[in-house]
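**Q** For the sequence shown, the tail end lands on 1020 under this note's numbering, and the numbers increase by one without skipping.
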Amino acid sequence: HISVEFSRPRASGGVCKVLARTGEKVWCQYSMKGHSHSTAGVSYDYNVVVSGSNDNHLHVFRETDGVPLARYDTGGDIKGPILLHLGYAIFGSWSHHVYAIDIRHLSEVTPPEVETGPPKYKWPPIMGDNKFMSGVAVDPATDLLYTGGHDKKIRCIDFHTGHVKWEFTTKRYVLSSPVVVNNAVVVGSSDGHVYALDKNHGTLIWNFLNGRTGRITSSVAVSLDGSYLMYASDSHSFTATNNCKGKPGSLHVVALNGKSRESSQNKEQQEQSGDVNMDMEDDDEEDSPDGTNAEHVDGGDQEL
717 HISVEFSRPR
727 ASGGVCKVLA
737 RTGEKVWCQY
747 SMKGHSHSTA
757 GVSYDYNVVV
767 SGSNDNHLHV
777 FRETDGVPLA
787 RYDTGGDIKG
797 PILLHLGYAI
807 FGSWSHHVYA
817 IDIRHLSEVT
827 PPEVETGPPK
837 YKWPPIMGDN
847 KFMSGVAVDP
857 ATDLLYTGGH
867 DKKIRCIDFH
877 TGHVKWEFTT
887 KRYVLSSPVV
897 VNNAVVVGSS
907 DGHVYALDKN
917 HGTLIWNFLN
927 GRTGRITSSV
937 AVSLDGSYLM
947 YASDSHSFTA
957 TNNCKGKPGS
967 LHVVALNGKS
977 RESSQNKEQQ
987 EQSGDVNMDM
997 EDDDEEDSPD
1007 GTNAEHVDGG
1017 DQEL
């Protein structure tokens, strides 16, 4: 299930269902009145596909045939991934809120009727201090939710009550979607750091800054044994005073002993361009993206 967008003849978007093995299109719906930057959530239990749009709406389609079922206005662009958990669509919006909207009843909607009235919330929308674009992660063992925001914060939310259990503040906005690994929540920040936080209390286990890491907006992939992290950053030579627009980014592979490896293709490209000093020994002394000397805390032998 793929979200798509168009610029011509006007800004619009939609969702397509495509067979992964053959690339054959099953259905497409282009009912959005704005771009869709959101990754769709899919529930086969409730037969729905849910996606956000820059038209401020959450769009719900029937999974089997793509028929529109609901369209809910949130008052702000929905650019992040949609989490579906226990019959609720959970996501952040540029309206500065995190929502949990009930989608369990939508299988009862009779097309061509489209539900547009006020959605059924699990709890009142949670208001932040800025936009939300990060996806929401869930720990199935505890039903705790984790998400980041433009207000630099990473939040832990109780799925059942909507209570914000803890907050952790980074140095810049958080677009990266958190990942839950064993006892930790791992997430990147636009301050260039990867953070590992205790999932129950929000305390810092470690953070890591590769000296040439730019803004981290991707999610952090974690190896099955928890020994390596992989993530992408905006630019290999990002600093507060260095304009890297149009320059290539980096793929980072980081071991929890603090050593890192970057993609050989990207290193070769940047070495040829002369943009970057390839000596890795001075990484710890590089400036962080906010212009300060970055703290570099290795994971050592700790496990996530």
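Glycine included, every Cβ here is placed at the ideal spot set by N, Cα and C.
Select from Lys881, Gly965, Ile718, Asp859 the residue whose C-alpha is nearest the C-alpha of Gly908.
**A** Closest by alpha carbon: Gly965.
**Q** Which of the three DSSP states is assigned to Leu822 in this structure?
**A** Helix at Leu822.
**Q** Beta-carbon separation of Ser719 and Ser747 under 9 Å?
**A** Not in contact: Ser719 and Ser747 (Cβ atoms no closer than 9 Å).
**Q** Which residues does DSSP pair with Pro784 in a beta bridge?
**A** Beta-bridge pairing links Pro784 to Phe777.
**Q** Can you tell me where the beta strand (DSSP E) holding His968 begins and where it ends?
**A** Element bounds for His968: 966–971.
**Q** I'd like the span of the beta strand (DSSP E) that includes Phe722, first residue to last.
**A** Looking at the DSSP string, the run of the beta strand (DSSP E) that includes Phe722 is 718–722.
**Q** To the nearest angstrom, report how far apart Gln985 and Tyr947 are at their CA atoms.
**A** In this predicted model, Gln985 has a pLDDT of only 41, less than 50, meaning its place in the structure is not dependable; the value taken from the coordinates is given anyway. Straight-line Cα distance between these residues: approximately 18 Å.
**Q** Counting Cβ pairs, one atom from each stretch, are 3 or more of them under 8 Å apart for the segment 756–769 and the segment 853–867?
**A** No, the segment 756–769 does not touch the segment 853–867.
**Q** Per DSSP, which one or two residues make a beta bridge with Phe848?
**A** None, per the DSSP bridge assignment.
**Q** Check this for me: beta carbons of Ala786 and Leu774, under 9 Å apart or not?
**A** Taking 9 Å as the Cβ cut-off, Ala786 and Leu774 qualify as a contacting pair.
**Q** Buried or exposed for Glu829, going by 16 or more other Cβ atoms inside 10 Å?
**A** Exposed.
**Q** Considering only residues of the same chain and omitting the five flanking positions on each side of Asp789, which have a CB-CB separation below 7 Å?
**A** Answer for Asp789: Asn772, His773, listed in chain order.
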